[in-house]
Amino acid sequence: MFYRLRQIRQTYYPKLTAWEIAWVKTVLPPAAFALFWRQEQKEQRHAFDVASAIERSYPELSYEDQHTLLTAALLHDCGKSLRPVLLWQRIFAVLAAFLPAGVRTALSRSKTPFSYPLRLAAEHPLWGAELAREAGLPDDCRRLIAEHHQPTTYLGRILQTEDDKH
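Rendered as structure tokens:
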């Protein structure tokens, strides 16, 4: 529950420091940094927090796995940059996760204001993977972005765990 309060605080105070931006630049190649920079500040803050938690919490990863995972963490929500999202829509999408799957599916297919945030939540990983492809990122990184809500790999489960915490 406390992490949700932290998320609310970060929504109102999302800016990254100059040091944090410099760190992101050391992880991402220029085209990927441009993609990171396209995200809203709150998405940048969230992505940075997820990536830095991964760096701190998983020192046993190989350099290659860690770099792939950090890159994916910094860009895992970049697909949201294609569509505007209001605060109430973000909150609704989080709360809707507690609804039965059938109710979520019916709402996402409905022609109501509630369908948009649910479709965005479901589709932004695929949009992000496509943006990552256009930025020239490798397959393993794009796969992590695409599956960050439903991971099939060990690295994907790490990303999902840290994403859920932050």
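For reference, each letter of the sequence shown is one residue, going 549 to 714 in our numbering. The beta carbon of each residue, even a glycine, is placed where N, CA and C say it ideally should be.
Start and end residues, alpha helix (DSSP H) containing residue 601: 589-605
Excluding the 5 residues flanking residue 674 on each side, which residues of the same chain have their C-beta closer than 8 Å to its C-beta? 627 and 694
Residue 589 beta carbon less than 7 Å from that of residue 632: no
DSSP state of residue 663, grouped into three classes? helix
With distances taken from CA atoms, which of 570, 668 and 630 is nearest residue 679? 630
Under 8 Å by Cβ, that's how I've got residue 576 and residue 619 pegged, so tell me the actual separation to the nearest angstrom. 6 Å
Closest to residue 616 by CA distance: which of 713, 701, 714 and 638 is it? 701
Identify which residue in 688, 640, 712 and 705 has its Cα closest to the Cα of residue 612. 688
Host alpha helix (DSSP H) of residue 704 (start-end): 702-713
Check this for me: beta carbons of residue 622 and residue 595, under 7 Å apart or not? yes
Evaluate residue 591 with the Cβ neighbour count: other Cβ atoms within 10 Å of its Cβ, from every protein chain shown; 16 or more gives buried, anything less gives exposed. buried
Of the listed residues 669, 598 and 704, nearest to residue 634 (C-alpha basis): 669
Other residues of its chain near residue 652: CB distance less than 7 Å, five sequence neighbours each side excluded: 644 and 666
Taking the alpha-carbon of residue 672 as reference, which of 597, 614, 638 and 659 has the nearest alpha-carbon? 638
Given a threshold of 16 other Cβ atoms within 10 Å of its Cβ, counted over all protein chains shown, does residue 641 qualify as buried or as exposed? buried
Would DSSP call residue 645 helix, strand or coil? coil
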